[in-house]
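Q:
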Amino acid sequence: MKKIFISILLLTLFLTGCSSKNNDEGTKKSDITLNVYNWGDFIDPDVINMFEEETGIKVNYENFNNNEELLAKIEAGSTNYDVLFPSDYMVGIMREKGLLQTLDYSNIPNAKYIDERFVGLNYDPKQEYNVPYMWQTVGISYNSKVVTDPVDSWDILWNEKYKRNIIMLDSSRDTIGITLKKLGYSLNTKNDKELEEAKEELIKQKELVSSYQVDYYKTALIGGEADMSLAWSGDAMYIKSENPDFEYSIPKEGTNVSIDCMVIPTQSLHKKEAEMFINFMNKPEVAAKNAEYIKYSSPNLEAIKLLPDEEKNNPQMYPEGSIESLGEIFIDLGDYNQVYDKIWTQIKTAN
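In terms of mature numbering (1 follows the signal peptide of the UniProt record, and there is no 0), the sequence shown is residues -21 to -1, 1 to 330.
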């Protein structure tokens, strides 16, 4: 009887041990929650569900409004974010500040699909810290039934005919940048005189502007609250898909080519799982699903092949040529980043 009891006890312990081991391995990933911090309206919600179902890893998904808000949140260190989506120049700033981890590309094999035009650029010369997510130009989205003047220059955003029907982006680098281009300067200038001119131009424009927005301007244009807005090309394509009266124009003075990236901050507690997330986002079918949903341009060459003809063959969404031929990329301006932020505050608080 004693032997039977011991045998049962040993069998029970063995099965419990196996169960515990299987449970540890089986639930290890589901016990992990990735904190993902991205722009608003910048992912197909189904993609998050797909990742969770495929990996068992939960995703806590939050939004920010602009790069400066993202930087402030990360520097405050209040939340252990695992994956961030900063724009190109902000990658450079965060890299210089030591806020990013280098990537282990053996965990991100799908990075091989990225167009070489977006690899090794000035904000990450050795391509150690980021994987490109989406890219776009900045231009003007406008209602062609209402805006009857040629939309071929940034000057139209200062046209009094459209007073209170103009929306500008609530983004210091973008809005100051196009104003610098309007004046014939580089959008990466460190010239105080040029920046002062741009500030005065934007203060002068304020009485014509209905609001400064980041996400809501899409809804505002589609709903007829305004007729024209400074816009990222992906948003402009979405607006046109909802209201065919809207067109998109890149002014002749030149523009910004912006690349939004995926990075892992030093505060991440789940680097390998974060790399799994980045790799998942670069699966061609996933990248295509995202691009089709948000209407931004994917840098993933295999994903582009999966898009509808009207999108992949649209030169406004997928223009050919080098980055330099398409426009300027924002660069990290060092101490002058604070100068731009100060100017932006002065513009928005001016009477």
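We put the CB at the ideal spot given by N, CA and C, even for glycine.
Count the other C-beta atoms from every protein chain shown that fall within 10 angstroms of the C-beta of SER57, then say buried if there are 16 or more, exposed otherwise.
A: Exposed: under 16 other Cβ atoms inside 10 Å.
Q: In the DSSP assignment, the alpha helix (DSSP H) including GLU48 goes from what residue to what residue?
A: Element bounds for GLU48: 46 to 55.
Q: Between the alpha carbons of GLY156 and GLY35, how many angstroms are there, rounded?
A: Each residue's Cα considered, the two are about 42 angstroms apart.
Q: Under the rule that 16 or more other beta-carbon atoms within 10 Å means buried, what is SER85, buried or exposed?
A: Exposed, since its Cβ has fewer than 16 Cβ neighbours within 10 Å.
Q: Can you tell which of MET255, SER132, PHE309 has the C-alpha that lies nearest to the C-alpha of ASN101?
A: Nearest of MET255, SER132, PHE309 to ASN101, Cα basis: PHE309.
Q: Would you list, in sequence order, the uninterrupted alpha helix (DSSP H) runs of no fewer than 4 residues that lie entirely inside the stretch 244 to 307?
A: Runs found: 250 to 260, 263 to 273, 280 to 284, 288 to 291, 302 to 305.
Q: Helix, strand or coil for LYS321? Go by DSSP, reduced to three states.
A: Of the three classes helix, strand and coil, the one that applies to LYS321 here is helix, per DSSP.
Q: To the nearest angstrom, how far is it from the Cα of ASN144 to the Cα of ILE119?
A: So the alpha carbons of these two residues sit roughly 13 angstroms apart.
Q: Given a cut-off of 8 angstroms, decide if PRO230 and ASP128 are closer than it, judged by their beta-carbon atoms.
A: No, they are not a contact pair.
Q: So LEU200 is in the beta strand (DSSP E); what residue range does that whole segment cover?
A: It is not in any beta strand (DSSP E) - LEU200 instead sits in the alpha helix (DSSP H) that spans 195 to 201.
Q: Quick one: give me the first and last residue of the alpha helix (DSSP H) that ILE87 is part of.
A: ILE87 -> no alpha helix (DSSP H), and no H or E assigned at all.
Q: Are the Cβ atoms of TRP211 and GLN295 separated by less than 8 angstroms?
A: Their beta carbons are not under 8 angstroms apart, which means TRP211 does not touch GLN295 by this criterion.
Q: Taking just the CA atoms, how far does ASN258 sit from ASP320?
A: Distance between the alpha carbons of ASP320 and ASN258: 34 angstroms.
Q: Helix, strand or coil: which one does DSSP assign to ILE326?
A: Helix, per DSSP.
Q: By the DSSP assignment, the beta strand (DSSP E) with LYS37 in it spans what residues?
A: Residues 37 to 43.
Q: On a Cα-Cα basis, can you pick out the residue from ASN89, GLN184, TYR217 that is closest to LYS142?
A: The shortest Cα separation from LYS142 among ASN89, GLN184, TYR217 belongs to GLN184.
Q: Within its chain, find whatever has a CB closer than 8 angstroms to the CB of LEU276; leave out the 5 residues flanking it on each side and keep chain order.
A: Looking at the sequence shown, residue 276 is not Leu but Ser. Around SER276: MET113, TRP114, GLN115, SER212, GLY213, ALA270, MET296, TYR297.
Q: What are the boundary residues of the alpha helix (DSSP H) that PHE30 is part of?
A: Counting along the chain, the alpha helix (DSSP H) containing PHE30 begins and ends at 24 to 34.
Q: Who are the near neighbours of LYS105 in its chain, counting only those whose CB is closer than 8 angstroms to its CB and skipping five residues on each side?
A: Result list for LYS105: GLY99, in chain order.
Q: At a cut of 8 angstroms, does the stretch 166 to 182 reach the stretch 218 to 225 through at least three beta carbon pairs?
A: Flag = no, the stretch 166 to 182 and the stretch 218 to 225 do not touch.
Q: What did DSSP end up calling GLN115 once you bin it into helix, strand or coil?
A: In the structure shown, GLN115 sits in a strand (DSSP, three-state: E or B).
Q: By DSSP, does GLN184 sit in helix, in strand, or in coil?
A: The answer is helix: DSSP assigns GLN184 an H, G or I state.
Q: Buried or exposed, going by whether 16 or more other CB atoms sit within 10 Å of the CB of GLN317?
A: It is exposed - the Cβ of GLN317 has fewer than 16 other Cβ atoms within 10 Å.
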